[in-house]
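Numbers given in our numbering equal positions in the sequence shown, counted from 1, plus 12. Ideal Cβ placement from N, Cα and C applies to all residues, glycine included. Please read all numbers here as calculations on a predicted model, not as lab measurements.
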Amino acid sequence: MNLSDSIANPSPKLELLQNLIASDNLGSWRTGNITSDQLLLGLPGACVDELDNAVAKTGENELPDISDKTNFKHCHSLVQELVSRLESPALGAVIVDGLPAERYSELDNRKLCGAFSSLVGKLMEQNKQGVTLYDVKNKNPADPSKVRKSITNLAQPFHTDGGWHRKPAKYVGLYCIRNAQNGGGSKITSILTAFETMLKEHPEHVHTLLENHPWDMQGEHAEHETGVLLNPVFEAHEGQFMSRYYDSYIRGGYKLSDKPVPKELDAALLCLADVINGQPNIKFEMSSGQFQYLNNWTVLHAREAFDDTETTPETQTRHVIRVWNH
Ligand SMILES: [Fe+2]
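#1: Going by DSSP, what residue range makes up the beta strand (DSSP E) through Q168?
#2: Quick check on this structure: which residue in N37, P325 and T43 has the alpha carbon closest to the alpha carbon of Q193?
#3: May I have the straight-line CA-CA distance separating N293 from K151, to the nearest angstrom?
#4: For K271, count neighbouring C-beta atoms within 10 Å of its own C-beta (all shown protein chains included) and say buried if the count is 16 or more, exposed if not.
#5: Please name the residue, chosen from R334, E316, S300 and Q328, that lies closest to N165 on a Cα-to-Cα basis.
#6: Name the two residues that bound the continuous alpha helix (DSSP H) containing W41.
#7: With which residues is V148 paired in a DSSP beta bridge?
#8: Could you pull the start and end residues of the alpha helix (DSSP H) that R122 belongs to?
#9: Under a three-way DSSP split, which group does S16 fall into?
#10: Between which residues of its own chain and K149 is the CB-CB distance below 6 Å, once the five residues before and five after are set aside?
#11: Just to confirm the assignment, what range does the beta strand (DSSP E) spanning T209 have?
#12: Alpha carbon to alpha carbon, how far is Q141 from S162?
#13: Would the beta-carbon of T172 fall within 9 Å of that of I200?
#14: Which value, in whole angstroms, describes the spacing of the CA atoms of L15 and P24?
#15: At what residues does the alpha helix (DSSP H) containing P226 begin and finish?
#16: Please report the straight-line C-alpha distance between C125 and I333, rounded to a whole angstrom.
#17: Just grab the DSSP bridge partners of M254 for me.
#18: Excluding the 5 residues preceding and the 5 following G301 in the sequence, name in chain order all residues of the same chain whose CB lies nearer than 8 Å to its CB.
#19: For ligand 1, is there any heavy atom lying closer than 8 Å to the beta carbon of S300?
#20: Is the region 232-239 in contact with the region 270-288, if contact means three or more CB pairs nearer than 8 Å?
#21: If you reduce the DSSP assignment to three classes, tell me which class K295 lands in.
#22: Counting only runs of 4+ residues fully inside the region 298-330, write out the alpha helix (DSSP H) ranges in chain order.
#23: Taking 9 Å as the cut-off, decide whether the C-beta atoms of H219 and L28 are in contact.
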């Protein structure tokens, strides 16, 4: 498809995005010829040894420092491969497999997660408390509909993490200590192909998705702030395609602003949701010791509900540590 033909007289913003994805190879995502096996990146034994050594040398409150490229050369080389796969529009996601989660204490798992993810990029704070290693775990809130889904056992539709930020995390990692006994499966899909489909088949809805709309900041704002930030769904950032998508956070932003969702935006969001939910995706179950990494600007993720309740023994509850990297 010649993207420049899809919309007559595109705005400069749109033209930039069209040019950015025109040369991208999205073949596998377009055809659905992509499976979770293609995402796997095995952790060599030499990396496990390096991480073991680093974890053993640190104290209770200390994160291992594995920035030394000589002593931790296998980890550095693996992370280089990981980032190159995250940057590939044809993939944008990796499952690092083989971290020794089961034989580590919870503290050592946190250290391992922190050390490994700090090689991928600078860790970003995920809430007002400045947490960088965020526990995704059902905390059995009294009213799950009123809190962030990351502390419930509810399903999550396709979304970008932290989409309210002016610059959402480039990469998102989920380190699986334990998956749930039932449920908690993962799904990912490409938002680049969704954008391409919108251009080709629903060009009338594209313009409003390039405009700023209020995003619900999920309470992660200072007291003097309004709790919303203005952001588009699609934009170019420093020559890269940067998307952010979470239907309910945009609608929630209008609600917090005491404004109705504009009709054209409502129609565009409904159409985009249909496109996203109807296109190829990859489903997989994370298992203990796997580290799922995504390019948060080009790949969306979703989660199935899971069964954990107050009565589920702690050792059987789903426990995933989430990291956001700049
Ligand atoms: Fe998420």
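On the basis of the coordinates in this document:
#1: Q168 to H171
#2: P325
#3: 29 Å
#4: exposed
#5: E316
#6: G39 to T43
#7: V332
#8: E118 to V132
#9: Unreliable positioning characterises S16 in this predicted model, as indicated by a pLDDT of 45, which lies under 50. The coordinate reading is nonetheless provided below. Correct three-state label for S16: helix.
#10: H331
#11: No beta strand (DSSP E) holds T209; the alpha helix (DSSP H) holding it covers I203 to E213.
#12: 16 Å
#13: no
#14: Only weak support is given to the placement of L15: the predicted model assigns it a pLDDT of 48, under 50, and the question is left unresolved by the model.
#15: From DSSP, P226 is part of no alpha helix (DSSP H) but of the beta strand (DSSP E) over H225 to D228.
#16: 8 Å
#17: E247
#18: D109, G110, L111, P112, A113, E114 and C188
#19: no
#20: no
#21: strand
#22: none
#23: no
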